[in-house]
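In our numbering, the protein residues as written are 73 to 574. For reference, the structure discussed in these notes is given below.
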C-alpha cells in the first residue's frame, strides 16, 4: 500500500482491507510511523511513540475487532496505559506512570486498533489551543502558523495530517468540537455518561467532560461509539442504552428536523464574518434538505455562566494538582506549572464551600433554561467557534498577563487573583474564541462539529449542532445526510497529500 492509498481510506475501510487480507496490520503501522517521522517535526502532534505496544497489537490482531489493525493515537490525558506515563501536558505529571489501563483504553484495545502513540495537548487540557510549555505548540496542518484548537489539538492535527484515520479526544468545554472545526474533521461529543471515565475517576469536571474520538468520517465515529459506550462499575451516570447500534443510524433518514440557529455569541463578544457566512450557507443547505430552520437561541446569563464555569474548572485543577502531588510524595514546584494553571490552583485554594456551591447552582439553573428551549426544537445550530483557526500565540495570555500571573504565583494568593480580576480577563480570551461549546458540556447534551465550510484562505470552519440529551442517533443521521450532500472526506491539507509519492 502506498501513502496515497493509506490516506484514501477511513478506519472502517482499512479494517475491511485487513479482514480481506489485502493488507497487513504491520504494513499500516509502518505507513503511519513513516508519516509521523516526516511530518511530526513540523506539526508537533505526537508527543510519545508507543511502537513496541503497537507492533505487538499488530502481530496479535484478530478479525473479531471492528477496527482490527487500524493505526490509532490516544490523547495524553485521561487515557491511561499501564506502564506508560500520562503527561496531561504538564511538567508536573510528565513522568507519572499508570499502574493499569483505564476502562476506555481497555475498550479501545478490544476494537483491535494499533495504538502507536499519544498526542499533544495544553496543560491539564485547560485551553482551546494547544501550546503547552512541556511539549511546545502543536500546529494546524492546514496552516502551520495557526492552532489546531484544543484541548485535543494534537489529535486533530494528527488526523488532519493523515497519521491515523481517527484519534482519541476528550471534551470538557469543546475539546473535541474545537479541533474538529480547526482541522476540518468530524467531532462528536457524546451525551454525559455515554463513555466510561473509570476506574480512576467518576465525574470529570463535575460531569462536563466526556471521551470519544476525532475522525474523518461519520461512520468511524459511530462504530467506535458502539464499541466504547456504556457505564463501567461505579459510574456516577448510567444513560439509557440506544435503541439501535449507532452504526445502523448512520445512513438512516433523519426526517424533517426543527432546527434553531444563531450566530449570536453566548459567552463571547464578536463572531468573525467567515463563521457567520458558514452558518448562513449551512442553513440554506439544511432547508434544501427539507428541514425547518428557525432563528432562535436559548437565553443564558453569559457572564455569570463564564465565571461559574471557571470557578468549577479552578476547583478541578486544584484537585488534579493535589492528586499529582500525592502520587509524587511532594509539593509541586513553581517551575512545573504554567502561570495560568498555577493561578487556577491558587484560586481553588481560596474558594469557600459557599462560593463553589453557588457556582454549581448557577450552572444548573442555566442548564434548566437550555432544557426548556429544547422542548420546542430538535437541534440548535451555531458556529463551532467564533473565528477561523487563530494564529499560534494569539489566544495565549499577553506578555503583561503572563508577568502578572507569575508574580501572583510568587505571592501565592488566590484571594488576590479574584480581587484583581485577572483570571476573568484570561477566561474572556478563551470564551471569545469558544462562546457556545462549554454550555453543552454543562447541560450534558450531545453535540457535534461538522466540517461544512472552508473560507477563502483555505481554512476549515465547523458547524456546531446540539441535540437532545441521549439523542446521538439523530445527530449521526443528520451528519451522514450532510456528509452525502456536501462531502468533505477527500479535502485534505497539502502537507498531508504531498508527503510522499511512494
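Cβ coordinates follow ideal geometry from the N, Cα and C atoms, glycine included. Nothing here was measured: the structure is a model prediction, and the numbers come from that model.
The way I'd put it, the stretch 223-241 does touch the stretch 135-149; three or more beta-carbon pairs between them come closer than 8 angstroms.
By a beta-carbon distance limit of 8 angstroms, residue 522 contacts residue 535. Their separation comes to about 5 angstroms. Rounded to the nearest whole angstrom, the CA to CA distance from residue 504 to residue 236 is 31 angstroms. The three-state reading of DSSP puts residue 292 in helix, counting H, G and I together. With respect to the 8 angstroms criterion, residue 188 and residue 101 are classified as neighbours on the basis of their beta carbons.
Nearest in C-alpha terms to residue 411, of all of 264, 80 and 472, is 472. By the criterion of a C-beta distance shorter than 8 angstroms, residue 325 is surrounded in its chain by 549 and 553, once the five residues flanking it on both sides are discounted. In the structure shown, residue 162 falls within a coil segment according to DSSP collapsed to helix, strand and coil. Judged by their CB atoms, residue 311 and residue 284 are not nearer to each other than the 8 angstroms cut-off. Every alpha helix (DSSP H) of 4 residues or more that sits fully in the stretch 317-405 is shown, in chain order, as 318-321, 345-360 and 374-400.
Residue pairing from DSSP places residue 243 in a beta bridge opposite 282. Straight across, the Cα-Cα distance linking residue 303 with residue 274 is about 10 angstroms.
Looking at the DSSP output, residue 189 sits in a beta bridge with 121 and 145. The beta carbon of residue 159 sits closer than 6 angstroms to those of 148, 165 and 166, all from its chain and outside the five residues before and after it, given in chain order. Annotation: residue 125 to residue 339 spans about 43 angstroms, alpha carbon to alpha carbon. When the beta-carbon positions are compared, residue 424 and residue 371 stay at least 8 angstroms from each other. In this structure, residue 291 lies near residue 84, with their beta-carbon atoms less than 8 angstroms apart. The beta strand (DSSP E) runs lying completely inside the stretch 530-558 and spanning 3 residues or more are 532-538, given in chain order. Closest in alpha carbon position to residue 321, among 443, 183 and 294, is 294. For the pair residue 161 and residue 194, the Cα-to-Cα distance works out to about 5 angstroms.
Going by C-alpha positions, residue 540 is about 14 angstroms away from residue 369. Put simply, the backbone Cα of residue 196 is about 8 angstroms away from that of residue 389.
By the C-beta criterion, the stretch 343-361 is judged to be in contact with the stretch 449-465, since at least 3 inter-stretch pairs fall below 8 angstroms. Residue 526 has 532 as its beta-bridge partners, per DSSP.
In terms of CA proximity to residue 529, 565 leads the group 90, 259, 231 and 565. Its chain contains 331 and 365 as the residues whose beta carbon lies nearer than 7 angstroms to that of residue 358, once the 5 sequence neighbours on both sides are disregarded; these appear in chain order. The shortest C-alpha to C-alpha distance from residue 469 to any of 400, 421, 184 and 203 is the one to 203. Under the 10 Å beta carbon count, residue 465 is surrounded by fewer than 16 other beta carbons and is classified as exposed. C-alpha of residue 80 to C-alpha of residue 448: approximately 41 angstroms in a straight line. With a beta-carbon spacing of about 6 angstroms, residue 451 and residue 329 fall inside the 8 angstroms limit used to define contacts. Residue 74 sits exposed, since fewer than 16 C-beta atoms from the chains shown fall within 10 Å of its C-beta. Here the alpha carbon of residue 186 sits roughly 12 angstroms from the alpha carbon of residue 103. Shown here, residue 513 sits in a helix according to DSSP, grouped into three states.
In its chain, beyond the 5 residues on either side, 200, 245, 246, 250, 339, 340, 457 and 458 have a beta carbon closer than 8 angstroms to the beta carbon of residue 506. For residue 235, no beta strand (DSSP E) encloses it, and the DSSP letter there is neither H nor E.
Cβ-Cβ distances below 7 angstroms link residue 286 to 224, 227, 228, 231, 238, 239, 241, 248, 251, 252, 257 and 259 in the same chain, with the five nearest sequence neighbours on each side left out; the list follows chain order.
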